[in-house]
Every structure is written in structure tokens, then in C-alpha cells.
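Asks:
There are 2 protein chains.
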Amino acid sequence: MLGLMQNWPLTVDKILDHADNWHADREVVTRSIEGPVVRTTYGQIHRRAKQLSDALLELGVERGDRIATLAWNTDRHMEVWYGIMGIGAVCHTLNPRLFAEQLCYIINHAEDRIVFTDLTFAPLLAQHRDQMPSVKHFVVLADEARTRQAGIPDAISYETLIAGRAGEAAWGGFDENTAAGLCYTSGTTGNPKGVLYSHRSNYLHALLTLQADVMGLSVKDVVLPVVPMFHANAWGVTFAAPAVGAKLVMPGQKLDGPSVYELIVSEGVTVSAAVPTVWQMLLQHLDATGGRIDTLKRVFIGGSACPESIIRGFKERYGVEVFHLWGMTEMSPVGTIGGETPAVARLSYDEQMAYKLKQGRCPLGVEMKLTDDAGAVLPHDGKTFGRLKVRGHSVAGAYFKGDGGDILDQEGFFDTGDVATIDDQGYMQITDRAKDVIKSGGEWISSIEIENIAVGHPKAAIAAVIGVHHPKWEERPLLLVKLKDGAAATKEEFLAHLEGKIAKWWTPDDVVFVDEIPLGATGKIDKKVLRTRFEDYVLPGAAAAKAG
Amino acid sequence: MLGLMQNWPLTVDKILDHADNWHADREVVTRSIEGPVVRTTYGQIHRRAKQLSDALLELGVERGDRIATLAWNTDRHMEVWYGIMGIGAVCHTLNPRLFAEQLCYIINHAEDRIVFTDLTFAPLLAQHRDQMPSVKHFVVLADEARTRQAGIPDAISYETLIAGRAGEAAWGGFDENTAAGLCYTSGTTGNPKGVLYSHRSNYLHALLTLQADVMGLSVKDVVLPVVPMFHANAWGVTFAAPAVGAKLVMPGQKLDGPSVYELIVSEGVTVSAAVPTVWQMLLQHLDATGGRIDTLKRVFIGGSACPESIIRGFKERYGVEVFHLWGMTEMSPVGTIGGETPAVARLSYDEQMAYKLKQGRCPLGVEMKLTDDAGAVLPHDGKTFGRLKVRGHSVAGAYFKGDGGDILDQEGFFDTGDVATIDDQGYMQITDRAKDVIKSGGEWISSIEIENIAVGHPKAAIAAVIGVHHPKWEERPLLLVKLKDGAAATKEEFLAHLEGKIAKWWTPDDVVFVDEIPLGATGKIDKKVLRTRFEDYVLPGAAAAKAG
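First to last, the sequence lines map onto chains X and Y.
Letter by letter, the first sequence follows residues 1 to 548 in the working numbering.
Letter by letter, the second sequence follows residues 1 to 548 in the working numbering.
So this is what it looks like as C-alpha cells:
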């Protein structure tokens with residue numbers, strides 16, 4: 001027997017409709033690409049997004065068509081999102097930090113019909129235009145004059161495109177499982193793969209983040225999403241903020257310390273979200289200038305593990321609470337969130353730090369399990385490493401066009417590719433990427449954990465740990481160190497530095513000093529390259545073990 | 001094109017599964033019906049609810065079967081909810097405050113197969129047992145010994161029923177639109193009508209209430225739902241609290257000031273929800289005893305409008321923030337919530353009071369409109385009265401078995417039966433019931449507003465205002481007053497008391513002193529009876545108007 005409640009599809013157009021109905025005058029403030037800080041409201045964004053929908057329909061856009069954006073966090077980018085999604089087309093966010101060939105691959109794979117671009121990226125698109133045959137129109141997010149100077153000969157000006165339109169396009173009215181967004185993961189192996197979000201998954205993800213123990217945004221908040229809309233949906237903030245009528249502050253392309261600081265102070269930002277490097281830059285700016293950020297209460301940090309110095313710096317010097325937020329493109333992206341359980345809240349500040357450094361706990365809507373390689377569930381004891389697998393209403397079930405094949409296990413869980421622990425309080429901690437973890441005698445060693453300690457050696461510029469074949473143990477850790485310019489060191493110095501900080505059997509079997517450690521497109525160490533480079537490396541003692 | 005996210009049905013069993021997985025040791029504390037305060041955890045509730053599911057399946061319960069509960073807020077009641085809903089049966093909450101004949105009508109209309117009852121209500125059921133032919137089993141929420149003394153000869157003891165079972169019943173796995181709960185509204189006209197909640201509507205309602213600007217429960221909260229599970233789902237708290245792992249404190253049958261106070265203090269309650277009379281009793285107890293409730297931060301008040309004295313009393317004497325919460329059974333029940341917009345937050349405390357007294361603003365997921373009788377949308381100016389109509393994911397689309405016919409307008413909105421205003425900040429205020437509003441010369445007069453002022457006259461025990469036919473104006477207000485014992489008053493005294501407090505044209509055309517003002521089952525003034533009683537009443541001036 002079915003219930004008799006109203007049929008009310010969860011489509012994201014309802015979010016901006018709600019903001020327009022109940023928070024029409026709430027401000028959205030943007031550091032524009034043209035330079036000045038510009039001010040608009042949810043009411044105006046709603047009106048202009050509707051006008052864009054009119055224009056898209058006139059351009060022949062149909063439900064399911066992929067329309068790309070290559071843009072920073074701005075009011076216009078937000079209008080384009082809702083204008084596209086509202087009519088059932090798919091907003092494909094392109095990541096400008098990718099190499100041009102990857103961008104072209106992604107645009108072609110998605111078969112994008114239109115690309116909306118900030119002035120910043122117009123030259124790049126102009127240069128590669130002939131490699132994007134599916135694209136019929138380029139729309140520059142600027143006025144007519146600036147568009148004409150942007151370098152794409154027949155580009156359309158966004159302002160001209162929407163000007164004077166009635167904004168009468170109907171929004172929603174389709175299945176809530178209709179595709180709404182597309183974002184490619186920059187996988188380290190193979191081609192990028194597309195995650196195809198639905199209206200339902202985005203809507204539910206917004207509600208998930210709105211819980212008090214996740215982001216808990218309020219109408220009284222002023223939210224600065226530094227994390228870009230092109231990277232995992234700005235962690236959902238551009239859905240969550242209008243959902244509650246929080247004031248939104250968009251940083252445009254200026255993410256440096258002084259620029260972020262200026263917006264926090266001038267707009268009274270209370271909540272922000274960004275990757276650790278942004279916070280590092282802000283802290284350095286504050287410490288150097290004596291600046292204060294008294295309105296700021298909470299910051300969410302994700303993208304990579306947040307150093308203790310940032311957490312302590314914000315809390316001890318500026319009274320700001322830092323929350324780890326872990327997720328991935330395939331999770332829309334939120335998976336876990338820091339914050340205290342009642343038991344952790346009773347600990348001392350220093351004792352709490354161990355928990356604050358973990359990736360956090362999963363809210364309702366995210367299911368999580370640790371398994372061994374055979375799929376058997378592992379205990380939540382804070383020590384046992386396992387493959388981290390997730391399930392939920394906002395987790396990918398497949399990649400676009402079936403790339404990567406069947407990505408779920410028999411119970412419907414998606415393998416994150418991470419290795420993690422979960423403690424008895426429910427805090428998850430990423431210990432490594434599954435492909436980077438070192439398998440030694442049936443036990444797992446975290447390459448990241450050793451790297452993080454090794455890089456703390458005063459002479460180290462960068463450090464990497466990889467597993468190298470060992471005849472007896474299967475793999476053993478090899479530490480690679482690039483020293484700081486002019487520094488000289490011995491293996492023994494580095495091994496002594498690790499001693500007592502890691503289990504004895506984790507100690508690398510060897511240390512090699514290298515001139516260069518390769519980085520991937522997103523700035524992370526490219527261990528695939530390193531593993532190939534050291535494929536035939538013979539560890540000291542390996543030959544003996546083989547002989548013995 | 002559909003998105004490619006996981007298929008993850010929104011079923012409420014996932015909420016208790018989540019609590020069991022991540023908050024297993026979090027306490028649920030109950031003032032038991034037997035007397036003592038008993039302590040359990042979400043983990044144990046989950047295990048016992050699963051055991052109950054086993055038992056229900058053995059009793060032949062199938063998906064869609066209605067299983068009733070007649071019980072206070074307790075841990076066992078919660079187990080029964082989840083045990084029933086988890087296997088796709090329908091948990092039908094019976095309201096013990098209804099007259100016995102209404103209860104029998106509802107049980108028969110729902111065709112309940114099993115009734116779970118607290119010891120408190122066993123005598124009532126025993127007495128009327130032969131009027132409930134569909135009921136095959138009565139289960140008393142007690143141990144075997146107490147069940148044997150409860151007065152229902154062949155009743156099953158709940159503890160005996162679940163004892164020793166493996167708890168292996170599968171939960172969920174069905175369509176999220178599957179019916180989960182049934183609750184009858186005690187309409188003032190006609191028979192009670194059943195609202196049939198779905199898993200989806202309950203799950204989404206929980207997420208709606210979890211937003212920071214609604215209830216915003218946190219894992220660190222200790223929540224006391226005084227509002228009963230049999231009345232509009234305890235405002236969703238028994239879904240929302242386990243969803244975040246908040247500690248739950250269940251008051252059982254003792255809702256008096258000292259009992260509620262004792263639980264707040266002994267358990268460290270931080271959030272509570274109840275009707276105004278409960279808060280009135282608590283305030284009186286605190287004021288009389290000098291008691292402190294320092295852990296309590298927020299209380300939600302609904303069911304009827306909260307007097308200013310309660311809001312001020314809590315805030316000024318105990319530092320507790322009071323939030324109006326308005327809703328109805330047909331809305332699962334939350335419709336609007338008090339709380340400050342940034343503009344209201346900037347006002348002085350006294351200026352804020354005007355907003356705190358209103359019913360509040362609607363969160364995402366609730367759509368709301370005001371219309372005139374013809375369905376035309378009215379402005380949100382804080383003055384214009386209109387019929388209040390609602391739409392959303394947790395709003396009824398029809399009543400059980402089609403009672404009441406088609407209850408939605410052409411746009412899918414449900415008419416709440418209330419007349420309200422909405423101001424430019426979005427705050428809704430109920431001004432009257434649609435059937436009680438007085439239509440005078442095409443304009444509407446709020447009977448409630450006049451009553452509330454009239455009853456403030458020191459000589460009034462109770463006051464009612466009804467519309468009486470008028471040949472020129474269609475209707476004009478008539479004020480009926482029951483004086484306090486021994487008091488004597490004139491019409492002029494009451495009209496003078498109203499002067500300046502209401503618009504001149506709202507002034508009642510006459511005042512009649514009566515010996516009795518009839519109340520309905522839920523304690524509200526029965527205006528239908530009054531209107532019938534005064535059907536032929538001729539107002540002063542009416543005859544002249546007719547002649548003129």
C-alpha cells in the first residue's frame with residue numbers, strides 16, 4: 001500500500017524558487033571577473049536565471065542536453081546553473097585547472113552543445129575551439145563590449161543573450177531523477193569519468209549538508225564558498241545557501257589571502273569552505289597584518305587533510321572553529337564531517353585534536369563500510385585499515401556512458417579507492433589511497449602517514465613513500481626524498497626522524513634522495529610514475545631474503 | 001536523460017539503522033508507565049524493534065496491514081513504530097484523548113489488525129473490545145505479569161512477544177512511497193479522516209526539521225518531546241533525534257510541571273517541544289519553587305498560539321529561546337517555524353516580540369500561498385487575510401480511503417482551513433479558522449483576535465465571537481461572554497475594553513452574556529454549536545438596516 005502524500009518531485013529549481021519567494025532581497029555579493037565587487041539578490045538571480053532558460057530554449061536546448069560552464073564562483077555562474085537545470089538540461093562544470101587536452105576530451109565526451117565561459121578562460125577556448133566539434137555556441141559571461149574583446153570571434157555575450165527576455169520558461173515538472181549536473185573526476189588512471197548528478201541527488205545532498213552537525217547554514221549566515229562551483233559543486237553551498245536564504249559571498253577568481261580577507265571583513269562572513277592552501281594563505285595574511293576576522297565562526301576544510309597548524313591557528317588566534325569535511329565528486333561531494341560527539345566534547349582541547357584531524361563522521365544519508373580485499377567487513381576500532389566503501393542517496397551508481405563498467409559491489413556500495421580506519425566514536429580517517437597502500441606480509445602500511453612525518457624533517461622539500469617488491473614480504477616501503485635547495489642529508493638522519501613516530505615494522509627499508517618528485521594535474525604526488533621508475537629497485541636485504 | 005546516482009529509497013528504517021551504526025550507545029531515557037525512569041540506547045531499541053518485526057511476521061502481518069498503537073512517548077512505543085514500519089506495515093497512532101466511540105470508529109475504519117497499548121489504556125480497550133472486530137490481537141506494552149493484570153483476557157505481553165527472537169527480519173527494500181504511518185485528524189465536522197504518511201514523506205520531513213533554522217537537532221542535544229507520538233508524530237522528533245544521534249528523553253504519561261522539570265534537570269535536556277499548556281505548567285512550577293533549567297536552550301511551541309507571557313517568561317527568567325512551530329496532521333506536521341531573519345534580529349527585543357508571536361516562516365519543502373475565496377493569490381503585506389494553502393513533500397494529497405474527496409486545488413495545494421496573513425518578512429500568522437472568520441461587507445474579521453482581547457477583560461472567564469447574519473453586511477460579529485463566578489458586567493464595559501485594540505468596524509454589534517460556552521473534544525470552543533444556537537439572533541440595528 002502506498003502512502004497518500006503529495007507528489008512533490010525533488011528538483012533543484014524549487015530551491016531557487018523558494019529563495020525567490022521567501023528570501024528575495026537577501027544579497028549575493030560577488031568579486032566580479034571584471035574587478036569590482038557587485039551586489040545582487042536571490043530575487044534578481046532567479047529572474048535572470050529564468051531569462052537564461054528562455055534563451056536556452058530559443059537556442060534549441062532540450063532536456064538532457066549538456067551545457068558546459070568554465071567559470072569561477074560568481075552570481076552569473078549561479079544564474080547559469082539554475083537556468084540550465086531548471087529546464088531539465090544538464091549543467092556540466094568544467095575544471096579550468098585541467099590540461100587543455102583533458103578539457104577537450106571532457107567536452108567531446110560530454111558532447112557539450114554550449115559552453116559558458118568567464119573572460120578568464122576565453123583565450124584558452126579560442127585556442128582549442130576546433131577541437132570541440134559538438135559545441136555550437138560559446139557564451140561569455142560578460143557584457144557585449146567585453147565579449148567582443150574576449151578572443152572568440154562569434155561568441156555570444158551573456159548579458160545580451162538574456163536582456164529583455166520575459167523569463168517565462170517553465171521550470172521543473174519532470175522526474176526528480178532527471179540528470180541535473182555533470183562533473184568529471186580527474187582520475188589518476190585512464191580518462192576522466194563523468195558523474196551524472198540528478199535533481200533528486202542534488203536536492204537531497206543540500207538537505208544533508210543543512211543538518212546542524214554538517215554545515216548547518218542559517219538564514220542569518222553569510223557564506224563564502226571559496227571552494228569552486230567547478231569542483232564538486234562548491235560542496236553543495238550554491239544549493240544549500242539559497243535553500244535557507246543565507247547571504248552568499250562569491251570570491252570570483254581571487255582566492256589569495258588579502259582578497260579572501262577583504263571579503264570576510266567587508267561582508268561579515270560567518271561561514272566559509274575551502275581547501276587547506278586557501279586557509280594557509282589567509283592565516284599567513286592575518287598573522288602578517290594583524291587582521292581580525294571576528295564575524296567568522298566556522299570554516300569547512302576539505303580536498304586534502306588539514307594540517308594541525310591550521311586548525312590550531314584558526315581556533316587559538318582567531319576563535320574560528322575548523323571542521324574537516326571529506327568527500328569526493330562521486331559523493332556530490334559530502335561524505336563525512338568533523339565536529340564533536342558528546343564524548344569527544346568532554347575531552348581536553350589537546351585530546352580533541354586527534355579527532356579534529358580525522359575526516360569525521362557520516363551523516364544520515366551516507367552509509368559507509370570498511371572491508372578487506374575480499375569484501376569482508378572490518379571492525380571500527382580506529383586501527384584496522386580497510387577499503388572505504390560508500391552508499392547513499394547522493395553517491396554515484398555509474399559513470400556517464402558506462403565508463404568504468406559496474407562500479408558498485410554486490411550490496412550496492414561504491415569503492416572510494418581510499419584506505420581508511422573508523423574509530424569507536426565513528427570518526428573516519430583516510431590513511432592512504434588503496435593503490436598506494438603498501439602491502440607487507442598481509443598487513444597494510446600507510447604511505448601517506450610516513451610521508452607526512454618525513455616531510456616534517458627540516459631538510460626535506462618533499463617526500464614520497466611507495467611500495468617496492470620484496471621477495472618475502474610482498475612489498476616494503478621505500479622513502480624518496482627531495483631535499484631543500486643546498487641541503488645534504490643521510491639515510492640514517494631520516495630513519496632516525498621517523499623512529500618512535502611510526503610502528504617499527506613500518507620503517508622504510510631504504511631511503512633514496514631524488515632530484516624531482518613528479519606531481520599530477522591536481523598537484524598531488526604522481527605515485528604511478530614513481531612506482532614505474534622504481535619498479536626494479538632492489539631493497540637492501542631483499543636479495544638476502546630471496547636467497548634465505 | 002536520468003542521472004546516474006545510486007537508487008537509495010528514502011525509508012525510515014534507514015534512520016534507526018543509522019542510529020544503530022553510528023550512535024548505538026546514545027541513550028534513550030523514559031519515565032516508564034510502570035513508574036521508574038528506565039534507560040536504554042539506540043542500539044538496544046534497534047535490536048528490539050527488529051525482534052518485534054520478527055514477531056509481527058510470525059503473527060502474519062503483511063505489507064500495508066494497519067497496526068495500531070495507543071501509547072505515550074516511551075522507548076517501547078518507539079520500538080513498535082520502527083518494528084512495524086520496517087517491514088512495510090502501517091503504524092496507526094491512536095489518540096487516547098478522543099472519546100471512546102471515536103476511537104472505535106477510527107480502529108474500524110483503519111481495519112487495524114493488532115493494537116499495541118500502554119497499561120494505561122488497557123481498561124478502555126477491554127471495555128470496548130467487542131466494537132473492534134478487525135483487531136485480532138491486543139499487545140500490552142509491559143511484561144507478562146503486568147499484562148495478565150491489565151484487564152484484557154487474552155492480551156499478549158510485549159516483552160514475552162519479542163523475547164528470545166533473533167531479530168533477523170529484513171527491513172526496507174520496498175518503494176519509498178510505501179505507506180508508513182496513519183493518523184486521523186479530529187475534524188470538527190464529519191468523521192475523523194486518516195492521513196496516510198509514506199516512508200518518503202516521513203524521511204523528508206525529518207530532514208526538513210533537522211535544518212538549523214527549523215529544529216536543528218545535533219548529536220550533542222538532549223531532546224525531550226513532550227508532544228505525544230500519537231499527535232502528529234511528536235512533530236517528527238522520534239525520526240529526527242535518532243537521525244542525528246541526539247539523546248532522547250521520553251516523558252511517558254507524566255506531563256505535569258514537576259515531572260517535566262525533573263527530567264529536564266536529571267537528564268540535562270537542551271531542547272524540548274510541547275503545547276503551550278505544558279509550558280505554562282512548567283513555568284508555574286519553576287516560578288513557585290525557584291527551580292532552574294540551565295541546560296535548556298530552546299523550546300518549540302505549537303498546537304495553539306503561544307501567549308506572550310510564556311515567551312517572555314522563558315526568555316527573561318530562564319534564558320530559554322521559544323520558537324513557534326505551526327503545522328497540522330496533514331503536514332507531518334511541520335509547516336512554519338519561528339526564529340529571526342537578519343532584519344528581525346536587528347530589532348529590539350520588544351519589537352521582535354510581534355514576530356515571535358506569529359507562527360513563523362516556511363522552510364524549503366513547504367510551499368505556502370494566501371488566496372481569497374475565488375482562489376486568487378493575495379499579497380504578503382502582513383495585513384491581508386487569506387485562506388492558507390500549502391504544498392510540499394510531506395503534505396497530504398488525499399485522505400485514507402478517499403474520505404473527503406479531492407482535497408487539492410488545481411495547483412496541487414491543500415487548503416489548511418485556516419485564515420492567515422503573511423508579512424513582508426515572510427512570517428505567517430493564523431488569524432482564524434476559515435469557517436469561523438466573519439465576512440462583513442466583503443472584508444474578513446478575525447473572530448479569534450477579538451476573543452483573545454475580550455477574554456483579557458478581568459471579569460471574563462471565557463469569550464467567543466461568531467458571525468451572525470446581517471441584512472446589509474452579510475455577517476457582523478457577536479461577542480459571547482461567560483463571566484467569572486459571581487461577576488457582573490455590562491455590554492458597554494466589554495465594548496469599551498475592545499476600543500482602540502481592534503479596528504472600529506470590527507467592533508461586535510452586540511454582546512451577550514451566557515452561562516456556558518461549549519467546548520469540543522480537543523478543548524477548543526465549539527463554534528458550530530454556537531452558530532446553530534444563535535442562528536436566528538437579530539442584532540441591534542439589523543432590523544433597521546433591513547427596513548432601510
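We put the beta carbon where it would ideally sit given N, CA and C, even for glycine.
I'd like the span of the alpha helix (DSSP H) that includes Cys104 of chain X, first residue to last.
Replies: Run containing Cys104 of chain X: 100-110, per the alpha helix (DSSP H) assignment.
Asks: Which residues in the same chain as Glu549 of chain X place their Cβ atom closer than 6 Å to its Cβ, once the five residues preceding and following it in sequence are excluded?
Replies: No information on residue 549 of chain X is available, as it lies outside the stretch 1 to 548 that chain X covers here.
Asks: Would a check of beta-carbon distances place Ile311 of chain Y closer than 9 Å to chain X?
Replies: With 9 Å as the cut-off, Ile311 of chain Y does not count as an interface residue toward chain X.
Asks: Applying the criterion that 16 or more other CB atoms from any shown protein chain within 10 Å of the CB defines a buried residue, is Phe116 of chain Y buried or exposed?
Replies: Looking at its Cβ environment, which holds 16 or more other Cβ atoms inside 10 Å, Phe116 of chain Y is buried.
Asks: Contact between the region 346-363 of chain Y and the region 304-311 of chain Y: three or more CB pairs below 8 Å?
Replies: As far as the Cβ criterion goes, the region 346-363 of chain Y touches the region 304-311 of chain Y, which means the pair count is three or higher.
Asks: Within 9 Å of any Cβ in chain X, is that where the Cβ of Gly382 of chain Y sits?
Replies: Closer than 9 Å: no.
Asks: Name the two residues that bound the continuous beta strand (DSSP E) containing Leu480 of chain Y.
Replies: Here the beta strand (DSSP E) through Leu480 of chain Y covers 474-483.
Asks: With DSSP collapsed to three states, give me the class of Asn202 of chain Y.
Replies: The answer is helix: DSSP assigns Asn202 of chain Y an H, G or I state.
Asks: Select from Y:Gly382, Y:Thr416, Y:Ala434 the residue whose C-alpha is nearest the C-alpha of Ile422 of chain Y.
Replies: Checked all of Y:Gly382, Y:Thr416, Y:Ala434; the closest Cα to Ile422 of chain Y is Y:Gly382.
Asks: So with CB distances below 8 Å, who are the chain Y contacts of Cys362 of chain X?
Replies: In chain order: Trp22.
Asks: Along chain X, in chain order, which residues have C-beta atoms closer than 9 Å to that of Gln211 of chain Y?
Replies: The answer, in chain order, is Leu207, Leu210, Gln211, Ala212, Gly216, Leu217, Ser218, Ala243, Val244.
Asks: If we cut at 9 Å on Cβ distances, does Phe323 of chain X have a partner in chain Y?
Replies: For Phe323 of chain X, the answer is no, since every Cβ of chain Y falls outside 9 Å of its Cβ.
Asks: Rounded to the nearest angstrom, how far is the Cβ of Ala464 of chain X from that of Ile525 of chain X, given a contact under 8 Å?
Replies: Indeed, because the Cβ distance is near 5 Å, the residues count as touching under 8 Å.
Asks: To test your reading of the DSSP string, which unbroken beta strand (DSSP E) runs of 3 or more residues are found completely within the region 452-536 of chain Y?
Replies: Taking only runs of at least 3 residues, the beta strand (DSSP E) segments lying wholly in the region 452-536 of chain Y are 460-470, 474-483, 510-513.
Asks: Could you name the residues of chain B that Asn191 of chain Y contacts, counting a contact when the two beta carbons are closer than 8 Å?
Replies: Any reference to chain B falls outside this structure, whose protein chains are X and Y.
Asks: Quick one: what's got a C-beta closer than 7 Å to Asp25 of chain Y's C-beta in the same chain, skipping five residues either side?
Replies: Answer for Asp25 of chain Y: Thr41, Gly43, listed in chain order.
Asks: For Trp8 of chain X, decide whether its Cβ has a neighbour in chain Y, counting only Cβ atoms nearer than 9 Å.
Replies: Yes, because at least one Cβ of chain Y sits closer than 9 Å to the Cβ of Trp8 of chain X.
Asks: Leu196 of chain X touches chain Y at which residues, Cβ-Cβ below 9 Å?
Replies: Result: Met1, Leu2, Gly3, Leu4, Met5.
Asks: Under 7 Å between beta-carbons, which chain X residues line up against Asp112 of chain Y? List them in chain order, please.
Replies: The premise fails here: Asp112 of chain Y is roughly 14 Å from chain X at the closest Cβ pair, so nothing lies under 7 Å.
Asks: Suppose you measure from the CA of His18 of chain Y to the CA of Pro242 of chain Y; what does that come to, to the nearest Å?
Replies: Taking the straight line from one Cα to the other gives about 8 Å.
Asks: Below 8 Å on the Cβ atoms is my guess for Leu255 of chain Y versus Val278 of chain Y; work out the distance and round it to an integer in Å.
Replies: With 8 Å as the limit, Leu255 of chain Y and Val278 of chain Y qualify as a contact, their Cβ atoms being about 6 Å apart.
Asks: Of all the residues that make up the region 381-414 of chain X, which are near chain Y by a beta-carbon distance shorter than 8 Å?
Replies: Listed in sequence order: Arg391, Gly392, His393, Ser394, Val395, Ala396, Gly397, Ala398, Tyr399, Phe400, Leu408, Gly412, Phe414.
Asks: So Ser201 of chain X contacts chain Y; which residues on that side make the cut at Cβ distance below 7 Å?
Replies: By Cβ distance, chain Y contributes Gly3, Met5.
Asks: Measuring only between beta-carbons, confirm whether Ser332 of chain Y sits less than 9 Å from chain X.
Replies: Closer than 9 Å to some Cβ of chain X, the Cβ of Ser332 of chain Y qualifies, so yes.
Asks: Which residues share a DSSP beta bridge with Ile162 of chain X?
Replies: Answer is none; Ile162 of chain X lacks a bridge partner.
Asks: How is the beta strand (DSSP E) around Phe323 of chain Y delimited, first residue to last?
Replies: Unbroken beta strand (DSSP E) run through Phe323 of chain Y: 321-327.
Asks: Let's test the definition: count the other Cβ atoms within 10 Å of the Cβ of Ser332 of chain X and tell me whether it reaches 16, buried, or not, exposed.
Replies: Classification of Ser332 of chain X: buried, given that the 10 Å Cβ count is 16 or more.
Asks: Assuming Leu378 of chain Y contacts Val419 of chain Y under a Cβ cut-off of 8 Å, what Cβ separation, rounded to an integer in Å, is found between them?
Replies: Actually they are not in contact, since the Cβ atoms of Leu378 of chain Y and Val419 of chain Y sit about 11 Å apart, beyond 8 Å.
Asks: If you reduce the DSSP assignment to three classes, tell me which class Asn73 of chain X lands in.
Replies: In this structure, Asn73 of chain X counts as strand in the three-state DSSP scheme.
Asks: Assuming the contact rule is C-beta atoms closer than 8 Å, His380 of chain Y and Leu204 of chain Y should be a hit. Round their C-beta distance to whole Å, please.
Replies: Contact flag wrong, Cβ pair sits at about 25 Å.
Asks: Give me the DSSP bridge partner(s) of Leu408 of chain X.
Replies: In DSSP, Leu408 of chain X forms a bridge with X:Phe414.
Asks: Identify whether Ala377 of chain Y lies in helix, strand or coil by the three-state DSSP scheme.
Replies: In the sequence as presented, Ala is not what sits at residue 377 of chain Y; that position holds Val. Strand, per DSSP.
Asks: Terminal residues of the continuous alpha helix (DSSP H) containing Gly397 of chain X?
Replies: Neither: Gly397 of chain X is in no alpha helix (DSSP H) and is coded neither H nor E.
Asks: Alpha carbon to alpha carbon, what distance is there between Leu208 of chain X and Gly339 of chain X?
Replies: Distance between the alpha carbons of Gly339 of chain X and Leu208 of chain X is about 15 Å.
Asks: Using a Cβ-Cβ distance under 9 Å, would Ile15 of chain Y count as near chain X?
Replies: Yes, its Cβ sits closer than 9 Å to a Cβ of chain X.
Asks: Is the beta carbon of Asp118 of chain Y closer than 9 Å to that of Val140 of chain Y?
Replies: Closer than 9 Å, so yes.
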